[in-house]
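See structure below.
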Amino acid sequence: MRALVIDDSAVIRTVLTRILTNLGFEVVQAAHGKEALERLRGGPLPAIALVDWNMPEMNGYEFIRNVRATAEWRDLPLMMVTTETEMEQVVKALAAGANEYLMKPFTPEMVEEKLQLLGITGS
Amino acid sequence: MGISAEEFKFVSDFIRAEAAIVLEPGKEYLVETRLGPVAFQQGMGTIHALIAELRTRRNPALVTRVVDALTTNETSFFRDVAPFEHLRKKVFPELIERRRAERKLSIWCAAASSGQEPYSMAMLLRENFPELAGWRVEFLATDISTQVLAKAREGIYSQLEVNRGLPAPLLVKYFKKSGLEWQVDEKLRSLITWKEFNLAQKFYGAIGPFDLIMLRNVMIYFDVPTKRQILGNMRRVLRPDGYLFLGTAETTINVDESFASDTLHTACYRVKAA
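Chains as they are written, first to last, in my numbering: chain A, 3 to 125; chain B, 54 to 327.
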């Protein structure tokens, strides 16, 4: 299974990649929403995309809106992984089409539990 | 400095007498990490001073604090997922069908800890079984620890806690953010009755009968005679066609043979037909 990790922090990308690799995923990375859209266009559809909110070029919220507006990506599971922790932000992300929402900081268990909720496993 | 073998023996005898919980040698680290903060909060400086004070038996409040610290366990919302799926797909539909005439359901979360399990079940019922709105649903949640029960009753959770196992759509629907914390809404909280309860007590008195008992991830702490006594008590307060859930790593096998595993789910048990 393939997972797309989208975050402008190289540290977070590395941490998430390590967690997801341990869960059996093959991980593709992108540093912002625009690059992530290119990854989606260029390769096979991942089983899940984990996306940060605040990023340059295109933020996570805009990325989610773009994905949901594209017919072939409409069912792609999306998880917001962000430092935005206000209720309004969670509501906004879900309304735009995020399937799950994980607040930073997170642990490997939290990532695994959220994936479990979505019924997504790595191998 | 770590605790001595003699201090560890005292603490393990103490917690066995108070809560029938078995602390095997090798769990010294657990005693140290759990009781260290209690010693600090009580202004006793060291864990050695705390243990010395505990020996005097002069301080009942300290006894409660120590029992709390040694029995409180990490948990998460919808822990292990699969038991909740089994509740949603099989157990609740069957119970609702069988109780349709009396329109009454009785549920007991017997090791409720900080409340994630009962609240998960309350959300599951709300989301999937709207027909229960007109029913009498009695929902009892108990734990031995007064400290965690107080927290559970308030329904206030940290960001780290709501990050664990709680689907975001349910966070939005059933919680309110207050400062840095999240609180379960009043409607959901009002469904549950919270009580302090020691599972290792000989007789359970006037509780039940229940249609469903959740006894998850607590039996592992007891020795076999206590497990047997608890399962015997559970059998007496469970309705003959009721369900008992244990933790994923727990079993009734070789403890109480009057239970049989539900065919579709190994941690769900029913009383064997006589």
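Note that the Cβ used here is the ideal one computed from N, Cα and C, for glycine as well.
Contiguous beta strand (DSSP E) elements confined to the region 10 to 46 of chain A occur at 28 to 32, taking only those with 3 or more residues. Within chain A, the residues placing a beta-carbon under 7 Å from that of Asn216 of chain B are Leu104, Met105, Phe108, Met112, ordered along the chain. For Tyr257 of chain B, no beta strand (DSSP E) encloses it, and the DSSP letter there is neither H nor E. Judged by DSSP in its simplified three-state form, Gly295 of chain B adopts strand. For Thr84 of chain A, none of the residues of chain B pass the 8 Å Cβ criterion, the least Cβ distance being about 11 Å.
Taking the Cβ atoms as the reference, Thr301 of chain B lies roughly 5 Å from Asp133 of chain B, within the contact range of under 8 Å.
In the structure shown, Gln236 of chain B falls within a strand segment according to DSSP collapsed to helix, strand and coil. Nearest CB-CB separation between Val93 of chain A and chain B: below the 7 Å threshold.
Bridge partners of Glu249 of chain B according to DSSP: B:Asp196.
Residue state for Ile122 of chain A is assigned as coil, using DSSP reduced to three classes. Against chain A, a Cβ distance below 7 Å from Gln212 of chain B picks out Thr87, Met105.
Nearest neighbour of Ala205 of chain B by Cα position, chosen from B:Glu184, B:Gly232, B:Arg242, turns out to be B:Arg242. In its chain, beyond the 5 residues on either side, Asp121 have a beta carbon closer than 6 Å to the beta carbon of Gln200 of chain B. Pro222 of chain B reaches chain A at Leu96, counting residues in chain order whose Cβ is nearer than 7 Å.
At a C-beta separation below 7 Å, Lys230 of chain B has these neighbours in chain A: Glu88, Met89.
Boundaries of the alpha helix (DSSP H) around Ile68 of chain B: 58 to 72. Proximity of chain B to Gln118 of chain A at the Cβ level (cut-off 7 Å) is accounted for by Val134, in chain order.
If you check the CB distance, Leu52 of chain A and Val83 of chain A come in under 7 Å. For Glu115 of chain A, the nearest beta carbon of chain B is closer than 7 Å to its own beta carbon. Residue pairing by DSSP places Ser211 of chain B in no beta bridge whatsoever. Under the Cβ criterion of 7 Å, Val119 of chain B is not counted among the residues facing chain A. A residue is called buried once 16 or more other Cβ atoms fall within 10 Å of its Cβ, and Pro220 of chain B is buried on that count. In this structure, Ile50 of chain A lies near Ile122 of chain A, with their beta-carbon atoms less than 7 Å apart. Contact check for Ile209 of chain B against Gln169 of chain B fails: the beta carbons are separated by 7 Å or more. By alpha-carbon distance to Val116 of chain B, the top candidate from B:His318, B:Phe312, B:Arg69 is B:Arg69.
Spanning the alpha carbons of Ser57 of chain B and Thr109 of chain B requires a straight line of approximately 18 Å.
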